[in-house]
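A.B. asks: Residue numbers (the working numbering): -2 to 392.
Structure provided below as structure tokens; questions to follow.
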Amino acid sequence: MPECRIVLRNCGIVDPASIESYRAHGGFQALRKAKQLTPDQVVQEVKRSGLRGRGGAGFPTGMKWELAARSPGEAHYVICNADEGEVGTFKDRYILQNDPYGLFEGIAIACHAIGARTAYLYLRAEYHHLLGQLLRALKETGDAELGCHIEVREGAGAYVCGEESALMESIEGKRGEARYRPPFPPNHGLWQEPTVINNVETLMNIVPIIQNGADWYKTIGSGPCPGTKAFSVTGDVERPGVYEVPFGTALAELVVDLAGAVNVKAVQVGGASGRVVPAAKLDTPLTFETVLGAGAVVVLDASRSMVELATQNVTFFAEESCGKCVPCREGNQILLHLLTTLQQRSGKEQDIDALRELSEVMMISCLCGLGQAAPNSVVDTLEHFGDEYYSMVRR
Ligand SMILES: Cc1cc2nc3c(=O)[nH]c(=O)nc-3n(C[C@H](O)[C@H](O)[C@H](O)COP(=O)(O)O)c2cc1C
Ligand code: SF4
């Protein structure tokens, strides 16, 4: 596999505690270059690169920036989403720890592109130990060098606060609950002003795109998904860690060749809300069109129960549901009850039918992505490992 480091390019090379070290490796050159361009030229370059958001949905970044830049408002805002609450994800933490200046530079270019003077870095509550390092690095850099002010806000400790509208509620000092949409953040975001919200990894792609150009960027990856993707690989593997590979790489290359998985039964791609891929489909290419989500990859070997996997995931969502809408608030509790009944060998075949039907209802009727994606692992394990469910039915 070709060595391909775009977002992790500085990790292990630049001293994350030294701005001089960052400067010595070409730091802030891309920002200076961006400032010589008009904001719209920067937006168009990002648009042409085909960069897609790494927070899970793969939305085109340039399009998001263009919408916000053209939206009228008293102020424009950029938010860097570093909430990283998805189960099994730690690639954003790795970036924050190893290349904070690269992230600030990407945020500053985003601010220049959409006309924002203030940006927020929303830091996962459990990453409190990184706060001091980030604040020191920000102080060292200074607003004058960045051309904007970056404020770090600590998260509220809830998974739903990673969802963009709940995150903005949280920054505004309210309870973290999803908003009804439309309107969307590029039109009415933080304090109802035009706002761009991007994942940490998305913003890490900006510096190399501005430095090397959109044409260079498009030579990496696969057609509709240019560039690379960083994955946090855990579970039954010999070498857990953060790996960066070009889009389109086969799942087997990531989990078997790089991370050293053996005896694979299934892989969950995208965290607790991600899809479950059976071993027979390990040749699946990693793109947004196939299985990609937030970047968490959890490998399960032959010793693992798929009903147990689904139960663990649903337990997480039942606890993290914000409770605003009924299909998620009640649906997750009922899914959990049905799964637990099966695990206790007191369930019936009708309970398996109910799992299927309820999952379908939740996927189309929940207000935000938390509830819509909560049944994913139930649906996938029922499809690929249905026998395990039926073997638990009370005879
Ligand atoms: C329940 C839930 C949790 C989310 N958590 C995160 C998160 O921790 N980090 C993140 O970047 N995006 C998260 N997202 C996606 C964000 O809503 C949003 O789409 C993303 O930050 C946009 O950035 P991008 O365009 O760079 O992907 C979450 C979405 C949902 C529904
Ligand atoms: S889907 Fe769940 S987390 Fe999202 S708004 Fe509804 S109750 Fe809250």
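We put the CB at the ideal spot given by N, CA and C, even for glycine.
The structure displayed is predicted, hence computed values, not measured ones.
Would you kindly work out how many angstroms separate the C-alpha atoms of Gly320 and Phe314, rounded to a whole number?
C.D. replies: Gly320 and Phe314: Cα-Cα distance of roughly 11 Å.
A.B. asks: With contact counted as at least three CB pairs below 8 Å, one residue from each stretch, are the region 21 to 35 and the region 186 to 202 in contact?
C.D. replies: At 8 Å Cβ cutoff, the stretches do not touch.
A.B. asks: Can you grab the Cα-Cα spacing for the pair Pro(-1) / Gly47, in whole Å?
C.D. replies: Because Pro(-1) sits at a pLDDT of 48, beneath the cut-off of 50, its placement in the model cannot be relied upon, and the point is left open.
A.B. asks: Let me check you understand the geometry: is the CB of Arg391 closer than 8 Å to at least one non-hydrogen atom of ligand 1?
C.D. replies: Incorrect: Arg391 has no Cβ contact closer than 8 Å to ligand 1.
A.B. asks: Would you report the Cα separation of Phe228 and Thr86, rounded to the nearest angstrom?
C.D. replies: If I take the Cα positions, the gap works out to 8 Å.
A.B. asks: Spatial neighbours of Ala258 within its chain, please: C-beta separation below 7 Å, excluding the five flanking residues on both sides.
C.D. replies: So the list reads Asp233, Val234, Val252 and Val296, once near-sequence residues are dropped.
A.B. asks: Name the two residues that bound the continuous beta strand (DSSP E) containing Arg272.
C.D. replies: Here the beta strand (DSSP E) through Arg272 covers Arg272 to Pro275.
A.B. asks: Buried or exposed: which applies to Thr378, given that a residue is buried once 16 or more other Cβ atoms fall within 10 Å of its Cβ?
C.D. replies: Burial call: buried.
A.B. asks: How far does the alpha helix (DSSP H) with Arg282 in it extend, from its first residue to its last?
C.D. replies: Looking at the sequence shown, residue 282 is not Arg but Pro. Per DSSP, Pro282 belongs to no alpha helix (DSSP H) and is neither H nor E.
A.B. asks: Indicate the three-state DSSP secondary structure (helix, strand or coil) for Phe25 in the structure shown.
C.D. replies: Correct three-state label for Phe25: coil.
A.B. asks: Tell me whether Phe285 counts as near ligand 3, meaning its Cβ is closer than 8 Å to at least one heavy atom of that ligand.
C.D. replies: Absent from the structure shown: ligand 3. Ligands present: ligand 1 and ligand 2.
A.B. asks: Considering only residues of the same chain and omitting the five flanking positions on each side of Ile331, which have a CB-CB separation below 7 Å?
C.D. replies: Cβ neighbours of Ile331 beyond the five flanking positions: Leu355.
A.B. asks: Helix, strand or coil, according to DSSP, for Gly368 in the structure here?
C.D. replies: Reduced to three states, the DSSP call for Gly368 is helix.
A.B. asks: Helix, strand or coil for Met(-2), going by three-state DSSP, please let me know.
C.D. replies: A caution first: Met(-2) carries a pLDDT of 49, below 50, which makes its placement in the model too unreliable to give a value.
A.B. asks: Tell me whether Ile331, by its Cβ, gets closer than 8 Å to a heavy atom of ligand 1.
C.D. replies: It does not: the Cβ of Ile331 is nowhere closer than 8 Å to a heavy atom of ligand 1.
A.B. asks: Within this structure, are the beta carbons of Glu169 and Cys365 separated by less than 9 Å?
C.D. replies: No. Outside cutoff.
A.B. asks: Can you check whether the CB of Gln369 is closer than 9 Å to the CB of Met359?
C.D. replies: In contact: Met359 and Gln369 (Cβ atoms closer than 9 Å).
A.B. asks: Tell me the DSSP secondary structure of Ser388 in three-state form.
C.D. replies: Three-state DSSP puts Ser388 in coil, outside helix and strand.
A.B. asks: Strictly by DSSP, which residues pair up with Phe228?
C.D. replies: According to DSSP, which records beta bridges pairwise, Phe228 is partnered with Tyr240.
A.B. asks: Could you tell me which uninterrupted alpha helix (DSSP H) segments, each at least 4 residues in length, are contained entirely in the region 124 to 169, listed from first to last along the chain?
C.D. replies: Complete alpha helix (DSSP H) runs here, min 4: 128 to 138, 140 to 143 and 161 to 168.
A.B. asks: For Gln265, write down the residues that DSSP places opposite it in a beta bridge.
C.D. replies: Answer is Val273 and Val295.
A.B. asks: If you compare alpha carbons, which of Pro57, Tyr177 and Val239 is closest to Leu5?
C.D. replies: Comparing Cα-Cα distances from Leu5 to each of Pro57, Tyr177 and Val239, the minimum goes to Val239.
A.B. asks: Counting Cβ pairs, one atom from each stretch, are 3 or more of them under 8 Å apart for the region 94 to 110 and the region 178 to 186?
C.D. replies: Counting Cβ pairs under 8 Å, fewer than three are found: no touch.
A.B. asks: In chain order, what residues of the same chain have a beta carbon less than 8 Å from the beta carbon of Tyr177, not counting five sequence neighbours either side?
C.D. replies: So the qualifying residues of the chain are Leu364.
A.B. asks: Quick one: Cα of Met201 to Cα of Lys226, how far?
C.D. replies: Going from the Cα of Met201 to the Cα of Lys226 covers about 11 Å.
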